[in-house]
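Let me begin by presenting the structure, written as structure tokens, before commenting on it.
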Amino acid sequence: MAATRIEAYRVEADQLYESYRSLTLAEVKTVVEHLREKLRIHIVKMDVEEMVFDLIGADASFANALRRILLAEVPSMAIEIVHVFANSSILHDEVLAHRLGLIPILADPAHFEGMLPGPAAEANEHNTLVFELDAAFVLAKGETGRQKDSSNGINTCDASTLKAPTRNVYAKDLVWRPMGEQETRLAERVPQVAHPDILIAKLKPGQRIKVEGWCRKGVGKDHAKYSPVGTASYRLLPSIDFVEPVLGEEADRLVELCPMGVFDIEDLGKGGARGAGRKAVVARPRDCSMCRECVREGPGVDRVRLKRVADHFIFSIESVGTLAPDRVLKDAVRVLREKCTSLLEAIEAEGRGDGGGGKG
Amino acid sequence: MAPPSAENCSSGIKASNISNLGSNFFFTELADQLQEDVSKPVTDVADKWKLLPHFLQLRGLMRQHIDSFDFFVNREIKDIVNAASNRELRSEADPKFWLRYTDVHVGEPSVDDDAYVSSRVTPFQCRLRDCTYSAPITVDVRYTRGRQIVVKRGVMIGRIPIMLRSCKCILAGRSEAELAEKKECPYDPGGYFIVKGVERVILMQEQLSKNRVIIEEDNKGNVSASITSSTHDRKGRSNIFVKNGTKVYLKNNLLGDDVPIVVVLKAMGMQSDQEIVCMVGDSPEMLDAFAPSLEEPYHLGICTQAQALRYIGAKIRNTTQNRGPGPSGMGFAFYRRASSPEEEAREVLASVILNHVPVINFDFRTKCIFVCHVIRRVLLTHRDRSQLDDKDYYGNKRLELAGQLLSLLFEDLFKRLNVQLKKQADQGLSKPNRTQSFDVIKCIRTDTITNGFIQAIATGNWKLQRFRMDRQGVTQVLTRLSYISCLGMMTRINSQFEKTRKVSGPRSLQPSQWGMICPADTPEGEACGLVKNLALLAHVTTDEESEPIRKLCFDLGIEDVTLLSGAEINASSNYLVFLNGLIVGCHSRPLRFVRLLRLLRRKGLVAEFVSVCLHEVQRAIYIATDGGRVCRPLLVCEKGVPRLTNMMMRQLSSGLLTLAELIRCGVVEYVDVNEENNCLIALAQTQLTVKHTHMEIDPLTVLGVVAGLIPYPHHNQSPRNTYQCAMGKQAMGTVALNQYERLDSLLYAMVYPQKPLVTTRTLDLVNFNELPGGQNAIVAVMSYSGYDIEDAVVLNKASLDRGFGRCLILRKHQTSLRKYANGAADNLRGPPEDTAAACSGMGGEPSAAQSNSAGAYSIRRDPRLRRFEALDKDGICQVGERLENGSVMINKESPISVADLNMGSGADPTPFKPTPLSYKGPAPSHVDQVLITSNEGGDLLVKGSADATAYGGTVTGRGVAARRNGA
Ligand code: SF4
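Protein chains in written order, with the working numbering: chain A, 743 to 1102; chain B, 481 to 1447.
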């Protein structure tokens, strides 16, 4: 029993990549050719925030490298330095700065230069975007703030609780202040926050926040706020087949068993094998969540085989809203390519003996 | 969702569940009941757990502390001042002089700003200003001044620290908004004191009950009845025991030797052997057992009372300690000085030995009956050891609460004040020619009482000369690690047992603790089982007037014991009735008596916490009105139907009915541990039969506050629950709603605390949702073998970046600017001038909170002055400034000489030496707030708090306390 289960999880078609080791250069070339031939990308879903595509014919290491780069090495803009001029809100400066940093900023990182860390770096219009936030909750004279007033985000509270009202500060209160020639340079895509309705803080009457947030270009491995994606993940395409057919009543039970609706019934007509008439078939293997429900008990125990296709990745990229998911993917590939190039250069430099690299 | 713990307790396997706990007889009866299966369909009271919030509303979470304090300031303090030994002050120097206290009051909390002005304070101000939250105690007096009789009201004799949320506290009964105005957290339970700015709790102390007979085996294997007598004047312990298995003796510290018990009886006037035998019991077996003791006096040649007294008089230890500090020491002598050994023996017997049995005008009758009863029980137990009392049985325990401890202290201090006053009066009155007539009121020194209270609460050392009481660690600083730690501390019970003793008896869980004491919440290690926690609904009683109950007993047909002969007392048809350990009388129809008394209680005619318990084996009825008993509410059932109806529940929720009314009309009643023995308590409605007298309100009330936070505790291995109880208190989270303003010396505040996704009912009851601790983590559980690690969590860096487990650490740094006796005072000084950089722009460079560039900071160039950068011109650091290790926060300077008094000359200013307060810490931080205020002495106080952010689990070293298990 246990043996069959392990069998059920073995991935398919792994043999190709196991034999890289002993290849000659020419042979590698053919392998790469082969890869190039085989590698396909098929986009399943695509909108401004999410992208799902099939990466077919690639190695797991390649897919994982791509995923890691998506998460941690594609640059984007985020608030890095916060100058606090006034903060009488309940939030501490640190917390406020942290919250501001996490707000996705809609600005193309390609328009900016990276900035070296450290005191030597000077902020200028090419590496810094400035956002201002000046929010205060001032009650007019004689106003208690407890009356009904639904404008400018003031929540009025129940008078019975005698609680003072609050004013919410949202991401939309962050205002871009162009520096130098930024106004003309970035005219076609004005920097702004990606989601205007992110709550930053709540103010009570008399409280004020006046801060200046300086955006920098950075990558997710420095801080998650730079990560252009919420998640980037992949899974292998499930492959389900029958060791022997599941027929009749049992087929119905199998269809019911699967919570994801992977199986369907195929009508064999009256004259089917054993006269059962119906047979279970795998209709939507993509939807399988590998929950093992079909092989745990019931008709499928020894007849259904769960496997995965080793070189078929269902990749999904969820953008935080600053960059379109396909753009993030392209950037990621670019980063990967650059890495490979610099690795090659380093190896070649090492081979020439000038020791320039060594960092590969 | 099914109620988490209800499932545990309502499962049908009740009997086995409980037999683990022990074999209280009602449980075995319960098992019988189940087999009989006479249960009939009963109307189900839906959601009776909804009573719980009403209980908490009525009694509050920490009500026992507050109740006991209220009792002290409203009633007991008056009793102490009006006690015969304290009420009047006379002087030997002038027989005409007297001072009489007529009344005493505790005023409103205030603080003395200086010698003349005192102003009202809020507890919050006291915390910030390092003051004591206390109120003046004032007395009304009549006294003689010269020839006049003067009546004065409101003479202050001292200050008493006020318990928060008690009736004297300004927070009592305030609404949430009013509390917020006073900067007080509405969820704060109160029940603690603020002394010199520190919150301190008087922990509940568990003790063996006073004035009760406990029959145990001493270390020689003798059966011994130990009686701890305690009255306002004296505490003592006597043992009546069977020596070497034959003769009965009395042992008391005051007597150098064990005295044969019959000699004691004879000394108390019971000269006839027949009378003694009648009293002890005249069955043949009793006679056999008692005979050797009865013969004892004749071997010693004692027949008469005088001989017996002489014998005892010779045995009295001649220590001066027993005599008190002599005639001048008011109220400290335990008994009057006697001239002869006989008289001394009589005094000792009357007021020292078994002093809780009152002896009026040397009428020893009641005491004789009491002693005979004890002898009888000792001899019976000697024959049948199964009648030994269990010391660990919770009905034999009393919890000493803040009010009781304070009243002991107050009486001691008040007596001391009177002694001082008397001394002054003696001095003042003995002066031969006075220009003014002596006014004793002017001599009252308030600091005796004030400092006495503050000292005791601030250090936790309770030192009372009268009782030779010297206890340490009575108070503890209220831990404010999290809200739950604070609640957990308020329900904690400390045991008097030494922690080093390796005994298991007092440590193990007693079946009688069911519903009173939380079975899970106890520390690990040496204090295991000795430190306990109250269960959610448990309540600790305060003293109740016993005199009305006594009268009521006679009205209900009790015969006065002093009028009965021994044969009548011991008749098998009669039950003895005890009131607080004293024999009141006999009753021939005990069941009817008990039923009537309970009926009256349920009708609200007798105080709700009076307990009545029928003991069939001892053929006695025990009535208790004393304080410190633990009790818990139960639903009253009649004929298998709870008196609580769905209608009442609806009225309760709509506010038409209150819980107090339900208690008054006997739907719900408080039952203490002893009375529980007479009850048959159903755990759920489905188990109710006609024989049941009560029903549990909800099984979750078995657990305490902290254990109540564990989801699905009945699915855990039991020590896991205990571990969680210890860890839950350390969880980081929100301390109080006013946490950022409290300026605690160290505050770990979680930036994004979350309400738990899996909650328990207790959790809602204690407002944990409003003051959460911890975060809900999404945990992936990995393979069992392979690349796994044990007992550890790998955290995702991105989630930490996004704020998971992030906390703020706020640390208080404070200094006070003192004024010295010679007129010199500490000073604040601005940062030293930097001539080099003075001209380079001092422009308003904004402070940066999160910055990599230090460029903006290079205003000053002189590196030696870098440490003064955070200072403002007044010498105090500015809010928002960055502090590095060694940065000066408060640039204080102190005069070099504080001893000599040359300030007045004005020749040259006293030289100062710098005594700055600097920041120490490996990681830089920022100034969060600065507070300048003055303490009680009028000294200026500068407090600042600095914060640093940290990631949970890495910096705090506390790790991650997980509310384990779950689904
Ligand atoms: S593993 Fe689960 S989802 Fe996949 S086919 Fe089986 S039952 Fe359906």
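Where is the CB? At the ideal position from N, CA and C, for every residue including glycine. Fair warning: this is a prediction, and the values are worked out from it, not measured in the lab.
message: For a quick check, are the C-beta atoms of serine 975 of chain B and leucine 1010 of chain B less than 7 angstroms apart?
response: yes
query: Taking just the CA atoms, how far does valine 584 of chain B sit from threonine 930 of chain B?
result: Those two C-alpha atoms are separated by around 15 angstroms.
task: Over the uninterrupted alpha helix (DSSP H) stretch that includes lysine 780 of chain A, give me the two end residues.
output: 767–780
- request: Would you tell me roughly how many angstroms separate the C-alpha atoms of serine 1283 of chain B and histidine 825 of chain A, rounded to the nearest one?
  value: Note on identity: in this sequence residue 1283 of chain B is glycine, with serine being the wrong assignment. Distance between the alpha carbons of glycine 1283 of chain B and histidine 825 of chain A: 20 angstroms.
- prompt: With C-beta atoms as the reference, is serine 1377 of chain B less than 7 angstroms away from threonine 1395 of chain B?
  reply: no
query: Among B:Gln787, B:Gly1401, B:Pro1404 and B:Ala1305, which one has its Cα closest to the Cα of lysine 1372 of chain B?
result: B:Ala1305
- request: Quickly, what does DSSP pair lysine 1209 of chain B with across the bridge? List them, please.
  value: Beta-bridge pairing links lysine 1209 of chain B to no other residue.
query: Which residues, in chain order, does the segment 963–976 of chain A contribute to contact with chain B at a C-beta distance below 7 angstroms?
result: Of all residues in the segment 963–976 of chain A, His965, Ala966, Lys967 and Ser969 have a Cβ within less than 7 angstroms of some Cβ in chain B.
message: Taking the straight line between their C-alpha atoms, what separation do you get for serine 1414 of chain B and glycine 1303 of chain B?
response: 18 angstroms
message: Counting only beta-carbon separations shorter than 7 angstroms, does valine 1231 of chain B have a partner in chain A?
response: Nearest CB-CB separation between valine 1231 of chain B and chain A: below the 7 angstroms threshold.
field: Proximal residues to threonine 1173 of chain B (C-beta, below 7 angstroms), its chain only, five neighbours per side dropped
entry: Cys1117, Cys1159 and Leu1160
task: Taking a Cβ distance cut-off of 7 angstroms, strictly less, list which residues of the segment 835–847 of chain A are near chain B, in chain order.
output: Asp835, Glu836, Val837, Ala839, His840 and Leu844
task: Taking lysine 746 of chain B as part of the alpha helix (DSSP H), name the residues at either end of that continuous run.
output: 741–747
message: For cysteine 848 of chain B, report the span of its alpha helix (DSSP H) as first-last.
response: 845–863
- prompt: Would you call asparagine 1201 of chain B buried or exposed, if buried means 16 or more other Cβ atoms sit within 10 Å of its Cβ?
  reply: buried
- prompt: Would the beta-carbon of arginine 1034 of chain A be found less than 6 angstroms away from any heavy atom of the ligand SF4?
  reply: yes
task: Pick out whichever of B:Asp1408, B:Gly1366, B:Val1410 and B:Glu1416 has its Cα sitting closest to the Cα of glycine 1401 of chain B.
output: B:Gly1366
message: Is any non-hydrogen atom of the ligand SF4 found closer than 6 angstroms to the C-beta of serine 1031 of chain A, if you look at the structure I gave you?
response: yes
message: Suppose you measure from the CA of valine 1037 of chain A to the CA of aspartate 1053 of chain A; what does that come to, to the nearest Å?
response: 24 angstroms
- request: Name, in chain order, the residues that DSSP records as bridge partners for methionine 750 of chain B.
  value: Bridge partners of methionine 750 of chain B: none, in fact.
field: Partners in chain A for leucine 1288 of chain B, counting only beta-carbon separations shorter than 8 angstroms
entry: His834, Glu836 and Val837
- request: Measure the C-alpha to C-alpha separation of proline 1191 of chain B and proline 1003 of chain B and round it to an integer number of angstroms.
  value: 20 angstroms
- prompt: What are the boundary residues of the alpha helix (DSSP H) that phenylalanine 770 of chain B is part of?
  reply: For phenylalanine 770 of chain B, the enclosing alpha helix (DSSP H) stretches over residues 764–780.
As assigned by DSSP and simplified to three states, the class of leucine 1308 of chain B: strand
- prompt: Are the C-beta of proline 805 of chain B and some C-beta of chain A separated by less than 7 angstroms?
  reply: Reliability of the predicted coordinates at proline 805 of chain B is poor, the pLDDT of 39 falling under 50, and no value is obtained from them.
- prompt: Leaving out the 5 sequence neighbours to the left and right, which residues in its chain are closer than 6 angstroms to leucine 848 of chain A when beta-carbon positions are compared?
  reply: Gln934, Ala936 and Thr1064
- request: With a cut-off of 8 angstroms on the beta carbons, I'd call serine 969 of chain A and alanine 1260 of chain B a contact; round off their distance for me.
  value: The Cβ separation is near 20 angstroms, so there is no contact.
Of the residues B:Gln952, B:Tyr1203, B:Asn1218 and B:Glu696, the one placed nearest asparagine 876 of chain B, counting alpha carbons only: Out of B:Gln952, B:Tyr1203, B:Asn1218 and B:Glu696, B:Glu696 has the C-alpha closest to the C-alpha of asparagine 876 of chain B.
task: Answer yes or no: does any C-beta atom of chain A fall closer than 7 angstroms to that of aspartate 668 of chain B?
output: no
- request: Compare the C-beta of cysteine 899 of chain A with all C-beta atoms of chain B and state if any pair is closer than 7 angstroms.
  value: Since pLDDT at cysteine 899 of chain A reaches only 43, below the 50 mark, its modelled position is unreliable, and the value read off the structure follows with that caveat. Closer than 7 angstroms: no.
task: Please confirm if histidine 937 of chain A has its CB atom under 7 angstroms from at least one CB of chain B.
output: It does not: the Cβ of histidine 937 of chain A has no partner Cβ on chain B nearer than 7 angstroms.
- request: In the DSSP assignment, find the unbroken alpha helix (DSSP H) run with threonine 939 of chain B in it and report its ends.
  value: Element bounds for threonine 939 of chain B: 927–939.
Beta-carbon proximity list for alanine 1047 of chain B, same chain, < 8 angstroms, skipping 5 on both sides: Cys758 and Asp762
At least 3 beta-carbon pairs within less than 8 angstroms: the segment 721–737 of chain B vs the segment 1137–1156 of chain B: no
task: Flag this pair as yes or no: are the beta carbons of arginine 958 of chain A and glutamate 822 of chain A separated by less than 7 angstroms?
output: Between arginine 958 of chain A and glutamate 822 of chain A, the C-beta gap is smaller than 7 angstroms, which places the two residues in contact.
Cross-strand partners of arginine 717 of chain B (DSSP beta bridge): B:Thr708
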